[in-house]
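As you go down the protein sequences, you meet chains A and B in turn. The first sequence lines up with residues 56 to 402 when you count with this note's numbering. The second sequence lines up with residues 56 to 402 when you count with this note's numbering.
2 protein chains.
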Amino acid sequence: MPDASRARPETRRGPSIADVAKVAGVSAQTVSRVSNEKTNVDPATRDRVLAAMHTVGYKPNRAARALRTGRFRSIGVITFTLSTFGNMRTLDAITTAAADADHTVTVIRIPDPTTGNVSGAYRRLSEQAVDGVIIIFEAHLLDRAEISLPADQPVVIIDSNAGDGFTIVDTDQAQGARQATEHLLGLGHRTVWHIAGPDTSFSGLHRARAWAATLREHGITPPPAFQGDWTTDSGYRIGTEIAARGDITAVFAANDQMALGAMQAFHEAGLAIPGDISIVGFDDMEESKAFWPPLTTIRQDFAEVGRLCIEKLMHEIETKTPEPGRSFVPTTLVVRKSTAPPGADAS
Amino acid sequence: MPDASRARPETRRGPSIADVAKVAGVSAQTVSRVSNEKTNVDPATRDRVLAAMHTVGYKPNRAARALRTGRFRSIGVITFTLSTFGNMRTLDAITTAAADADHTVTVIRIPDPTTGNVSGAYRRLSEQAVDGVIIIFEAHLLDRAEISLPADQPVVIIDSNAGDGFTIVDTDQAQGARQATEHLLGLGHRTVWHIAGPDTSFSGLHRARAWAATLREHGITPPPAFQGDWTTDSGYRIGTEIAARGDITAVFAANDQMALGAMQAFHEAGLAIPGDISIVGFDDMEESKAFWPPLTTIRQDFAEVGRLCIEKLMHEIETKTPEPGRSFVPTTLVVRKSTAPPGADAS
DNA sequence: GTGAAAGCGCTAACAC
DNA sequence: GTGTTAGCGCTTTCAC
């Protein structure tokens with residue numbers, strides 16, 4: 056039962072700059088100057104104002120400030136899901152970098168990667184509540200041209216597939232896939248099979264393309280790729296297929312989760328990893344080093360991706376000039392225990 | 056080299072309500088009514104205004120609207136880290152629920168759980184840029200009283216340890232720990248050892264307390280708990296200790312990551328899971344079902360936690376009346392392959 | 001069903 | 001170093 060006496064008064068608004076000015080015996084403008092840490096205020100006056108702020112419990116009103124300055128000190132992030140390892144790490148890095156630049160982060164999650172949703176989210180975000188936008192294109196089907204990205208708002212896109220004219224930051228997917236494939240080839244495997252991400256994902260597509268290209272460069276015709284959907288379940292299903300065939304010795308999975316699912320299937324089929332079959336993942340999640348066996352994988356530098364996004368976005372916000380271009384963040388091969396030469400002792 | 060001709064004009068602001076009014080040949084007020092979907096507008100007028108909005112490319116200015124109404128249609132989330140499975144899932148659920156209520160979510164990440172940081176973040180957030188705040192207390196050392204949570208802003212705290220007078224939502228930590236412990240006891244283990252979370256974490260503390268209490272109820276003196284820090288590394292370190300002792304048959308780890316690390320250590324020590332040793336985790340992460348062996352664990356309903364937070368917060372925002380109280384979201388025991396009676400066949 | 005006036009809290013521009 | 005004036009874009013209030 057709510058206590059009526061505790062109800063917050065309908066009209067209560069916080070003390071304004073005028074209230075502070077009255078108490079400090081100065082003009083509103085001077086209070087504003089102190090609030091914004093301008094230098095041209097007499098130290099004694101400043102102290103008086105600060106004291107007055109404290110006594111009345113003053114807090115600046117962001118809305119009024121934003122209305123006046125046209126700046127919100129907030130950046131928007133549009134994403135389809137927060138529940139993938141990569142997106143969550145990227146968002147983590149973005150919030151950290153944004154905080155360093157004294158900006159907050161407003162997240163808009165879109166249930167479906169349909170054009171309508173992206174446009175809708177973008178529209179909501181572009182109601183000038185943010186100074187710029189970062190779009191994480193984890194997976195999607197849509198034609199970029201259909202999303203009307205207003206030219207008057209800074210945008211950074213995390214997706215190497217985005218067209219020209221955008222500012223793009225992404226992990227170097229191709230480099231990672233190449234490292235994985237060459238590591239396996241270098242171990243002596245005759246070919247490398249691939250568990251791909253969903254074909255709606257551009258990062259998945261890039262990894263698959265680079266895997267196939269690397270194979271061809273080595274004079275090997277790429278076998279057909281298995282089509283997964285990033286989940287451990289799909290990895291398990293495909294792993295079961297792979298185990299049933301019995302002729303595959305090296306697998307490159309497009310992410311660690313699918314690699315994990317595949318390893319589960321291999322274990323159940325009695326296949327030794329890496330004795331009978333080697334597997335490489337992609338991401339280097341927190342847990343991968345504790346998988347059984349510890350997973351050889353491609354590490355993505357999500358922190359750097361997030362940092363770069365904010366850096367580019369802040370620059371565009373400050374200069375008010377778009378600077379389209381692509382930045383790729385390098386990957387690292389992390390060798391652990393899930394890979395070995397073909398037929399190596401299983402111990 | 057940026058093309059100077061593409062520079063955004065300094066003064067460019069989006070078209071305002073007045074521009075739309077001019078084109079539609081109505082007053083600004085009528086445009087506002089259409090924009091806010093008020094009913095008292097003639098359908099013909101409405102269409103004309105809508106068309107005008109479209110031609111000038113009108114977007115409402117949130118700052119002006121917020122300044123006027125005192126409502127931002129945004130809720131703030133304060134968290135220490137986004138990189139734990141639980142926090143991320145909770146944030147995911149919060150953004151989904153907030154979107155359903157047509158609100159955006161502003162995230163503030165605090166590097167350290169110190170009083171100063173929380174207060175600082177809270178102050179930033181409470182500069183009226185949000186209508187309410189959700190605080191995720193993943194882990195902390197601070198005395199709640201030291202954080203000055205202004206009485207005039209709706210707050211929901213995710214942390215069952217928060218004092219009275221707050222609106223609290225949390226997973227029923229005690230229930231989960233009890234389920235884990237009783238499952239192991241029910242299998243016939245003489246006692247259950249515990250890999251605890253850091254002692255700075257209240258959820259960790261609650262799980263440890265409930266584990267010990269359950270043991271005592273069964274007439275068993277709880278053995279000392281191993282102190283982990285949520286990471287797989289700490290689980291691995293403790294798992295190595297456990298394996299070295301050789302007399303432990305049942306372990307309850309306070310999260311899935313530590314359980315994973317411990318299992319790695321057990322494997323390396325040649326211990327069969329669950330033949331020689333059984334283990335239960337807590338969280339039910341995406342990957343747990345694909346661990347080797349698939350992990351028996353306690354599932355948390357993060358989606359429900361997030362949903363409840365928004366529901367309570369929205370209610371407080373609308374009624375302007377705080378309604379302190381605690382809501383606990385139940386857990387589920389998910390039995391997989393990492394647990395069995397002591398000495399069971401390892402196959 | 002529609003319009004005119006006023007003002008939310010702040011800061012840019014200018015005066016002194 | 002400080003004050004005055006004006007107005008950002010919107011909605012509330014009150015007319016009509």
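C-beta atoms are modelled at their ideal positions from N, C-alpha and C, and glycine is treated no differently. Predicted model, so just to flag it, every value in this text is computed and none were measured.
- Spanning the alpha carbons of arginine 128/A and tryptophan 266/A requires a straight line of approximately 42 Å.
- Within chain A, the residues whose beta carbon sits less than 8 Å from that of aspartate 147/B are Thr136, Leu137, Ser138 and Arg164, listed in sequence order.
- Collapsing the DSSP output to three states places isoleucine 149/A in a helix.
- With respect to the 8 Å criterion, threonine 145/B and isoleucine 191/B are classified as neighbours on the basis of their beta carbons.
- In the three-state DSSP reduction, glycine 361/A falls in the helix class (H, G or I).
- At a beta-carbon threshold of 7 Å, none of the residues of chain B lie near arginine 362/A; the nearest stands roughly 14 Å away.
- In the three-state DSSP reduction, tryptophan 347/A falls in the coil class, being neither helix nor strand.
- Of all alpha-carbon atoms in Val224/B, Ile303/B, Gly69/B and Ser138/B, the one lying nearest the alpha-carbon of glutamine 312/B is that of Ser138/B.
- Taking 8 Å as the threshold, the shortest C-beta distance from threonine 352/B to chain A does not fall below it.
- Within the region 228-282 of chain B, the beta strand (DSSP E) runs of at least 3 residues that lie entirely inside it are, in chain order, 248-251.
- Per the C-alpha coordinates, the member of Ala99/B, Gly252/B, Leu105/B and Gly80/B positioned closest to asparagine 91/B is Leu105/B.
- At a Cβ-Cβ threshold of 8 Å, glutamate 323/A and leucine 315/B do not count as neighbours.
- Beta-carbon to beta-carbon, asparagine 310/B and glycine 252/B are separated by about 7 Å, close enough to satisfy the 8 Å threshold.
- Taking the Cα of valine 81/B as reference, the smallest distance to any Cα among Gly69/B, Asp157/B, Arg101/B and Thr222/B is reached at Arg101/B.
- For the 8 Å CB-CB criterion, glutamate 378/A and threonine 134/A do not form a contact.
- DSSP lists Arg354/B as the bridge partner or partners of threonine 387/B.
- Annotated three-state conformation of phenylalanine 307/A is strand, per DSSP.
- The straight-line gap separating the alpha-carbon atoms of glycine 141/B and histidine 273/A is approximately 44 Å.
- Interface annotation, lysine 344/A: in contact with chain B, CB-CB separation under 8 Å.
- By the criterion of a C-beta distance shorter than 7 Å, valine 75/A is surrounded in its chain by Val86, Val104, Ala107, Met108, Val111 and Tyr113, once the five residues flanking it on both sides are discounted.
- Chain B places a beta carbon closer than 8 Å to that of valine 160/A, counting this residue as a contact.
- Distance from the CA of phenylalanine 337/A to the CA of arginine 123/A, rounded to the nearest whole angstrom, comes to 47 Å.
- Interface annotation, alanine 235/A: not in contact with chain B, CB-CB separation never under 8 Å.
- Near chain B, meaning a CB-to-CB distance below 8 Å, the residues of the region 300-329 of chain A are Gln312, Leu315, Gly316, Met318, Gln319 and His322.
- Going by C-alpha positions, arginine 126/A is about 12 Å away from aspartate 157/A.
- Threonine 161/B is positioned such that its CB atom lies closer than 8 Å to that of threonine 161/A.
- Counting only the Cα atoms, methionine 143/B lies some 32 Å from aspartate 207/A.
- For arginine 68/A, there is no enclosing alpha helix (DSSP H), as DSSP gives it neither H nor E.
- Scanning chain B for C-beta atoms nearer than 7 Å to the C-beta of tyrosine 113/A yields nothing, as the closest lies near 10 Å away.
- Annotation: Cβ neighbours of threonine 150/A in chain B (cutoff 7 Å, chain order): Leu137, Val162 and Arg164.
- Rounded to whole angstroms, valine 89/B and aspartate 214/A show a C-alpha spacing of 37 Å.
- The residue from Gly301/A, Ala317/A and Ala99/A with its alpha-carbon nearest to that of alanine 79/A is Ala99/A.
- Of the candidates Asp227/A, Phe281/A, Ala268/A and Ser256/A, the residue whose Cα lies closest to the Cα of glutamine 355/A is Asp227/A.
- Valine 210/A: member of the beta strand (DSSP E) spanning 210-213, first to last residue.
- For threonine 287/A, the residues of chain B that pass the 8 Å Cβ criterion are Glu341, Glu342, Lys344 and Ala345, in the order they occur in the chain.
- If you draw a straight line from the Cα of phenylalanine 383/A to the Cα of valine 306/A, it is about 25 Å long.
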